[in-house]
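*Asks:*
Numbering (the working numbering), first residue to last: 749 to 1112.
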């Protein structure tokens, strides 16, 4: 088992990564100070529930914990006001109070949704992240929780840290091939923005990772989470450097929104977004020629898309980009890399350059 510690001004917590951790969940919760009289409420989705709901529920119940649960439909559509309101109602029905603990068992959608429920129920209750996807190695760490609005992704949200993260890499064995590949987009992102040696390691070990070797997966997740920890520890609420974690996300979110979250997984959209960001990096920083080609090669090795499968309207994508949280009245803000592994925030990016980047990834 690997252990990382994240230290923040108001709270510190641990990230545990390894095999067989869900089976040890009752003991791990007690070690984190949870008492058996504290009611647990587990939130998961219908796909994760098939594999893990009953074993986790039974293990906790047999260990003396009182646990209720709710299962939501899988997919980004569940990060909605309607689902959020329904979950609040179920917490009330279960008799949850301010000492209760929410367990987020699932991927990024479940973690975002359950975390936002935890942040707002009775002005905040404790919660734990139990990620079951590779993509969730990113979203489970750092305290960003949110739900979507019809006008955009993560419009309603908060910075609300979990009590801890327990990442059982064995859960990655039940992912579909597409879900696993999608998750590598965020893993690759952490190398591209912070650690060139990690990028090289991913090139060297792609076969073992795609074959789901738990030793290599644990190493990849630990290294990616280490980047997230280093960044968030410096800037918990994204007033500065934390924005670099959005590399590829500005365009990626626009792709998701324009396609109504139905054509691309989050990781696939971010993959294409990183190609656009790499191209802009080359145009803005002559020192980084070759970044686009290298990015495309690495993403292709992990079976991720590097351009749109079907052309999307450039103007529709631009409309979404203008709604990005980093966008200001003075222009577009993007995360770019002057050098691979050293991302930075760049403001006042010319609109025509953004449009050219969209054309490079297949917009019309």
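Ideal placement from N, C-alpha and C gives every residue a C-beta, glycine not left out.
1) Within this structure, are the beta carbons of residue 1003 and residue 991 separated by less than 7 angstroms?
2) Output the distance between the C-alpha atoms of residue 1026 and residue 1087, rounded to the nearest integer angstrom.
3) Could you check the C-alpha separation between residue 832 and residue 905 for me, to the nearest Å?
4) Leaving out five residues on either side along the sequence, give the residues of the same chain with a beta carbon under 6 angstroms from the beta carbon of residue 801.
5) Any contact between the stretch 918 to 938 and the stretch 1006 to 1021? By contact I mean 3 or more CB pairs, one from each, below 8 angstroms.
6) Using beta-carbon positions only, say whether residue 1062 and residue 1106 come within less than 7 angstroms of one another.
7) From residue 926 to residue 934, what does the alpha carbon distance come to, in whole angstroms?
8) Measuring only the C-alpha atoms, how far is residue 845 from residue 825?
9) With burial defined as no fewer than 16 other Cβ atoms inside 10 Å of the residue's Cβ, what is the status of residue 999: buried or exposed?
10) Would you tell me roughly how many angstroms separate the C-alpha atoms of residue 941 and residue 1089, rounded to the nearest one?
11) Below 8 angstroms, can you find three or more Cβ-Cβ pairs linking the stretch 782 to 797 to the stretch 807 to 827?
12) Hey, out of 1050, 757 and 812, whose CA is closest to residue 952's CA?
13) For residue 1095, which residues in the same chain have their Cβ closer than 6 angstroms to its Cβ, ignoring the five residues on either side in sequence?
14) Please report the Cβ distance between residue 1021 and residue 1055, rounded to the nearest whole angstrom; I am assuming they are in contact, meaning their Cβ atoms lie under 8 angstroms.
15) With residue 984 as the anchor, note down where its beta strand (DSSP E) starts and where it stops.
16) Which of helix, strand or coil does DSSP assign to residue 813?
17) Scan the stretch 978 to 1047 and note each continuous alpha helix (DSSP H) run of 4 residues or more that stays entirely inside, going in chain order.
18) Beta-carbon separation of residue 1083 and residue 995 under 7 angstroms?
19) Suppose only complete runs of 4+ residues qualify. What are the alpha helix (DSSP H) ranges in the stretch 902 to 966, listed by chain order?
20) If you reduce the DSSP assignment to three classes, tell me which class residue 852 lands in.
*Replies:* Based on what the coordinates show:
1) no
2) 10 angstroms
3) 12 angstroms
4) 792
5) yes
6) yes
7) 14 angstroms
8) 27 angstroms
9) buried
10) 4 angstroms
11) yes
12) 1050
13) 1081
14) Not quite, the Cβ-Cβ distance comes to about 11 angstroms (not below 8 angstroms), so this is no contact.
15) Note, residue 984: premise wrong, no beta strand (DSSP E); not H, not E.
16) coil
17) 997 to 1006 and 1014 to 1032
18) yes
19) 925 to 942, 944 to 952 and 954 to 958
20) strand
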